[in-house]
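Visitor: The opening position of the sequence shown corresponds to residue 1 in the working numbering, with each subsequent residue numbered one higher. Okay, handing you the structure first.
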Amino acid sequence: MSEEKRVFPQSVTAHPGENVIIMVYKIKDVEGAEDKIKDFCGNFSAYMRSMLNRFPDSEFSSTIGFGAKAWDRFFSDLGTPKELEEFVPICGGKYTAVSTPGDLIFHIRAKQMGYCHEFATIIDMKLADVVEAIDETHGFRYMDGKAIIGFVDGTENPAVDLNPFDFAMVGDEDANFKGGSYLFVQKYIHDMSGWNKLPVEEQEKVIGRHKFNDVELTDEEKPANAHNKVTNIEDADGNELKITRANIPFANTSTGEYGTYFIGYARSFATTRRMLENMFIGDPVGNTDRLLDFSTAVTGTLFFAPSYDLLGQMGGE
Ligand code: HEM
1 MSEEKRVFPQ SVTAHPGENV IIMVYKIKDV EGAEDKIKDF CGNFSAYMRS
51 MLNRFPDSEF SSTIGFGAKA WDRFFSDLGT PKELEEFVPI CGGKYTAVST
101 PGDLIFHIRA KQMGYCHEFA TIIDMKLADV VEAIDETHGF RYMDGKAIIG
151 FVDGTENPAV DLNPFDFAMV GDEDANFKGG SYLFVQKYIH DMSGWNKLPV
201 EEQEKVIGRH KFNDVELTDE EKPANAHNKV TNIEDADGNE LKITRANIPF
251 ANTSTGEYGT YFIGYARSFA TTRRMLENMF IGDPVGNTDR LLDFSTAVTG
301 TLFFAPSYDL LGQMGGE
């Protein structure tokens with residue numbers, strides 16, 4: 001009897017985490033880059049095991065992902081995940097989802113920032129000569145899991161009654177990349193003074209939920225441009241299409257920078273893209289997400305987070 005091969009995914013469906021470091025790098029065009037990157041892929045599971053062995057109660061996890069250009073440069077001999085390409089910007093009449101560069105991403109989460117930092121130093125130790133930072137953002141869990149704008153974020157993620165893996169991981173439709181995930185990130189900056197001037201009842205209409213207890217507004221109460229209305233999408237048969245979000249707030253009160261780092265893991269990037277099109281272009285056109293009146297996307301990059309099995313192959317196993 002032939003047994004189906006098991007694949008071991010990265011921790012893409014882990015809890016958003018108490019503390020997060022997100023690092024996006026360019027891989028430099030220098031001698032030795034290819035060897036170091038491949039060596040890092042081959043050893044990634046060992047680095048993870050070591051962290052979990054040293055700090056079993058840390059709730060530590062990290063994912064590694066690659067952008068389309070880096071994939072072509074180093075791993076095209078393994079084929080290419082069907083939907084991995086450089087993010088094509090979405091230009092609506094009013095708002096744009098920009099596309100920004102990124103070869104390599106690390107999404108590190110743990111109970112305490114010290115564990116995230118520990119892993120970041122290991123990455124730095126191994127890759128500093130061959131990478132150049134594009135962005136590093138440190139985020140935190142805010143109160144009861146709120147976005148920095150004061151609303152609980154993540155409630156409608158698949159959980160409890162839906163298998164998160166079904167929505168976050170590639171399946172048999174792209175067999176060589178099974179267990180991988182399309183990781184799309186966007187760094188948003190909020191206009192907090194504008195947002196704070198809105199009465200709470202109006203803010204609730206922007207999000208589509210109550211601020212205090214996270215209860216969803218009724219269909220009658222929810223405007224057509226509420227965030228959870230425009231991002232709620234279905235396939236042709238009426239099945240809800242979901243992704244797994246792990247957004248994280250970040251803030252610097254001195255500089256007045258308040259933001260949301262959007263982190264979405266998907267089985268198919270087409271699902272994430274359709275949500276983005278609904279937000280930035282609108283369906284019907286012009287029905288843009290009201291949240292964008294208070295939020296500006298300053299980055300936008302697509303990565304592929306391979307399974308552990310594939311990472312091993314990428315490392316030459
Ligand atoms: C400014 C950045 C963003 C913020 C602050 C934000 C915040 C929120 C909040 C507070 C909710 C309601 C609670 C929940 O179900 O999670 C929500 C729902 C949701 N968001 Fe976002 N979000 C942002 C960007 C995005 C983006 C870029 C996407 C998709 C590409 C997205 C997809 C969704 C989805 C699918 C839901 C659930 C909709 C439903 O009820 O079915 N969000 N978001």
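Even for Gly, the Cβ is constructed at its ideal location relative to N, Cα and C. Since we're looking at a predicted model, the values are computed, not measured.
When the Cα of ILE207 is compared with those of GLY264, PRO223 and PRO16, which residue comes out closest?
Guide: PRO223
Visitor: Compare the C-alpha of ILE90 against each of THR244, GLY300, ASP72 and ILE248 and name the closest.
Guide: GLY300
Visitor: Is it buried or exposed for PHE8, if we count other Cβ within 10 angstroms and need 16 for buried?
Guide: With fewer than 16 Cβ atoms within 10 Å of its Cβ, PHE8 is classed as exposed.
Visitor: Hey, would you say GLY65 sits closer than 9 Å to PHE303, going by beta carbons?
Guide: yes
Visitor: Report yes if the C-beta of LYS28 is less than 8 Å from at least one heavy atom of the ligand HEM; otherwise report no.
Guide: no
Visitor: Put LYS146 into one of helix, strand or coil per three-state DSSP.
Guide: Reduced to three states, the DSSP call for LYS146 is strand.
Visitor: Please classify GLN186: does DSSP put it in a helix, a strand, or coil?
Guide: strand
Visitor: Can you tell me whether DSSP reads ASN19 as helix, strand or coil?
Guide: It is a strand residue.
Visitor: Do you know offhand how far PRO199's Cα is from ARG73's?
Guide: Rounded to the nearest whole angstrom, the CA to CA distance from PRO199 to ARG73 is 51 Å.
Visitor: How would you write the range of the beta strand (DSSP E) that ARG109 sits in, first residue to last?
Guide: 104-110
Visitor: Quick one: measure Cβ to Cβ for HIS107 and ILE22, integer angstroms, because I've assumed they're closer than 8 Å.
Guide: Confirmed, Cβ separation roughly 6 Å.
Visitor: Do LYS187 and ASP135 come within 9 Å of each other at the CB atom, strictly closer than that value?
Guide: yes
Visitor: For ALA68, I'd like the list of residues in its chain whose CB is within less than 6 Å of its CB, leaving aside the five on either flank, ordered along the chain.
Guide: The residues are LEU84, GLU85 and GLU86.
Visitor: Closer than 8 Å to a non-hydrogen atom of the ligand HEM - does that hold for the CB of SER268?
Guide: no
Visitor: Considering only residues of the same chain and omitting the five flanking positions on each side of MET314, which have a CB-CB separation below 6 Å?
Guide: CYS41 and PHE75
Visitor: At which residues does the beta strand (DSSP E) containing LEU302 begin and terminate?
Guide: 301-305
Visitor: Quick one: what does DSSP say PRO164 is sitting in, helix, strand or coil?
Guide: In the structure shown, PRO164 adopts helical secondary structure according to DSSP, grouped into three states.
Visitor: Counting along the chain, where does the beta strand (DSSP E) carrying ALA33 start and finish?
Guide: The continuous stretches of beta strand (DSSP E) do not include ALA33, which lies in the alpha helix (DSSP H) extending over residues 33-54.
Visitor: For the alpha helix (DSSP H) holding ASN228, just list the boundary residues, first then last.
Guide: 227-230
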